[in-house]
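Below is one structure; the comments refer to it alone.
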Amino acid sequence: MADRLDIVLFGASGFTGKYCIGELHRLSKAKGRSLTWGIAGRSHAKLKLTLDEYKEKTSDDLSSVPIIIANVDDYDSLKQMTGRARILINCCGPYRFYGEPIIKACLETGTHQVDVTGEPQYMETMQLKYHKAAQDKSIYIISACGFDSIPADLGVVFLQKNFEGTLNSVETYLEGGEDPPQTPGSYGNYATWESAIHGIAHAGELGNLRRQLYPTRLPDFKPRLKPKASVHKSDVINSWCVPFLGSDRSVVLRSQRYFYEQKKMRPVQVQTYMGLDSILNLFLMIVFGGLFSFLVKYEFGRNLLLKHPKFFSAGMFAHDSPPEQKLKRVKFTITFYGKGWSEKLAGAEDEYATPPNKTVIGKVGGINPGYGITCSAVTLAAIVVLTEKDHLPEGGGVYPPGAAFADTTYIKQLQENGLSFEIVSSE
1 MADRLDIVLF GASGFTGKYC IGELHRLSKA KGRSLTWGIA GRSHAKLKLT LDEYKEKTSD
61 DLSSVPIIIA NVDDYDSLKQ MTGRARILIN CCGPYRFYGE PIIKACLETG THQVDVTGEP
121 QYMETMQLKY HKAAQDKSIY IISACGFDSI PADLGVVFLQ KNFEGTLNSV ETYLEGGEDP
181 PQTPGSYGNY ATWESAIHGI AHAGELGNLR RQLYPTRLPD FKPRLKPKAS VHKSDVINSW
241 CVPFLGSDRS VVLRSQRYFY EQKKMRPVQV QTYMGLDSIL NLFLMIVFGG LFSFLVKYEF
301 GRNLLLKHPK FFSAGMFAHD SPPEQKLKRV KFTITFYGKG WSEKLAGAED EYATPPNKTV
361 IGKVGGINPG YGITCSAVTL AAIVVLTEKD HLPEGGGVYP PGAAFADTTY IKQLQENGLS
421 FEIVSSE
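Taking full-length UniProt numbering, the leading residue of the sequence shown gets 1, the next gets one more, and so forth.
In structure tokens:
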């Protein structure tokens, strides 16, 4: 591996990839690092243009950055690409269509991979199919290393580490907004919208997949954390809330399953919600969410959703890329409400005779979650895999980020790069 680049960014001319270039350039030389990196994609012209645009914006000349040509339809080119890297950052989605060949190529060439997918079916299928192969090769495949689902998964890990006792359950409340509000443009790019449509359309297949992935059920830990009503007013954040349908819960539960099976820790039960700051936004969420849920069940409906993202998402997504100035104004917070016991029992499966007697509230927050936080998080994930291998799960494998990075300095490095973690109260 002596002649390999440390990091290769695949999908570098795409919307997320372009943002990652800046973070790679910055973080590869921060703290005395001297990591080598290159970019990859289908078109040499587009990749070169991306580097030229970065120079125009920042005056930093990246003309010496290696450019690698690789196409998801050409497996040999994928192997040539992954063979040039110690670790690959994969920003080419939707991953259900394009992700698996890249993982196969990484396994063939002995290359680690991190990505920013928020697609539970893809992540869990890859774990089912390739976890053993990755362990055999001592390769780490770590998904969901962006806004989906670093804040949630590592936020729960942060809460566990700062909870003196045994944490039983966590409710998460995602809030976001633009400051100042209502500047023109969408918030997310089209590939994210496309991934959500296909993911929710195939959500019914997750049950069978999870029975294969986890044939042994977890013990029935009590008290159970029951989901709240579809629309409810939360005392935790003092807002109306609806269930959050992103990947956070599925990713967190996979990490908790790992902690139970490999570290003999009581797994934290999790429910995820999204807070809305006004009755109007609640009404819009119900109307557009209901319409989305109906249309996504049918092929004609999915075609409509794909063709008209701006209308069916109430302007959240569009075919055009989100304006950079708008993204810089987007802020988010996830509030974590945890309950448990101040005492620890000897075994993970031991039951408490009394109800939980301790609560904790934590927060994770930042600016530009979809692209700024996502790109710094996935870049730092790649760096941690390269520099802290002794603190990752032993022997390689396919993991969610909480399981992979719980014993590393990853949270500390995220805090140093724009993602805040804090304990608000504990009683």
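Just so you know, even glycine gets a beta-carbon here, dropped at the ideal spot from N, CA and C.
{"Query": "Sequence-distant residues of its chain with Cβ nearer than 7 Å to Q121 (five each side left out)", "Result": "R96, G199, H202, E205, L206 and L209"}
{"Query": "Beta-carbon proximity check, L9 vs L24, cutoff 8 Å", "Result": "yes"}
{"Query": "Identity of the residue in R86, G17, Q269 and K328 nearest R4 by Cα", "Result": "R86"}
{"Query": "Rounded straight-line distance, which links the Cα of H44 to that of P101", "Result": "21 Å"}
{"Query": "Completely contained beta strand (DSSP E) runs for the region 336–388, where each covers 3 or more residues", "Result": "358–367"}
{"Query": "Spatial neighbours of E53 in its chain, beta-carbon cut-off 8 Å, leaving aside the 5 residues before and after", "Result": "K18"}
{"Query": "Own chain, CB closer than 6 Å to G32, minus 5 neighbours either side, in chain order", "Result": "none"}
{"Query": "Candidates N162, D60 and G110, of which the one nearest E422 by Cα", "Result": "N162"}
{"Query": "Where the beta strand (DSSP E) through N168 begins and ends", "Result": "T166 to E178"}
{"Query": "Whole alpha helix (DSSP H) elements within the region 270–300, 4-residue minimum", "Result": "279–295"}
{"Query": "Three-pair Cβ contact test at 8 Å for the region 390–402 versus the region 350–366", "Result": "no"}
{"Query": "Complete alpha helix (DSSP H) runs within the UniProt domain \"Saccharopine dehydrogenase NADP binding\" (7–142) (minimum length 4 residues, chain order)", "Result": "15–27, 44–58, 75–82, 95–98, 100–109 and 120–137"}
{"Query": "Outcome for K222 when other beta-carbon atoms lying within 10 angstroms are tallied against a minimum of 16", "Result": "exposed"}
{"Query": "Beta-ladder partner(s) of T333, from DSSP", "Result": "E175 and G365"}
{"Query": "Top-ranked residue by Cα proximity to G188, from S313, K412 and I279", "Result": "S313"}
{"Query": "Collapsed DSSP secondary structure at E416 in the structure displayed", "Result": "coil"}
{"Query": "Cβ pair G141, A134 closer than 8 Å", "Result": "One point to set straight first is that residue 141 is Ile, not Gly, in the sequence displayed. In contact: I141 and A134 (Cβ atoms closer than 8 Å)."}
{"Query": "Candidates V364, Q413, E388 and H391: closest to S149 by CA position", "Result": "V364"}
{"Query": "Own chain residues within Cβ distance below 8 Å of G362, not counting five before or after", "Result": "G155, F158, L159, N162, T335, F336, G338, F421, E422, I423 and V424"}
{"Query": "Three-state class that DSSP yields for S230 in the structure shown", "Result": "coil"}
{"Query": "Three-state secondary structure assigned by DSSP to Y214", "Result": "coil"}
{"Query": "Where the alpha helix (DSSP H) containing P219 begins and where it ends", "Result": "Neither: P219 is in no alpha helix (DSSP H) and is coded neither H nor E."}
{"Query": "Bridge partners - C241, DSSP secondary structure assignment", "Result": "H232 and G275"}
{"Query": "Test item: CB-CB of A144 and M123 under 8 Å", "Result": "yes"}
{"Query": "Rounded separation between L49 and C20 - CA only", "Result": "15 Å"}
{"Query": "Per DSSP, cross-strand counterpart(s) of E205", "Result": "Bridge partners of E205: none, in fact."}
{"Query": "Three-state secondary structure (DSSP) of F158", "Result": "helix"}
{"Query": "As assigned by DSSP and simplified to three states, the class of E261", "Result": "helix"}
{"Query": "Beta-carbon proximity check, V384 vs V116, cutoff 8 Å", "Result": "no"}
{"Query": "Beta-carbon proximity list for L304, same chain, < 8 Å, skipping 5 on both sides", "Result": "L295 and F312"}
{"Query": "Which of helix, strand or coil DSSP assigns to V251", "Result": "helix"}
{"Query": "Supposed contact pair Y258 and A403 - C-beta distance, whole angstroms, cut 8 Å", "Result": "4 Å"}
{"Query": "Residue of V268, L282 and E261 minimising C-alpha distance to F244", "Result": "L282"}
{"Query": "Backbone CA spacing between T36 and R84 [nearest angstrom]", "Result": "11 Å"}
{"Query": "Member of N90, S28, T408 and R217 whose CA lies at the smallest distance from the CA of A12", "Result": "N90"}
{"Query": "Start and end residues, alpha helix (DSSP H) containing G402", "Result": "P401 to F405"}
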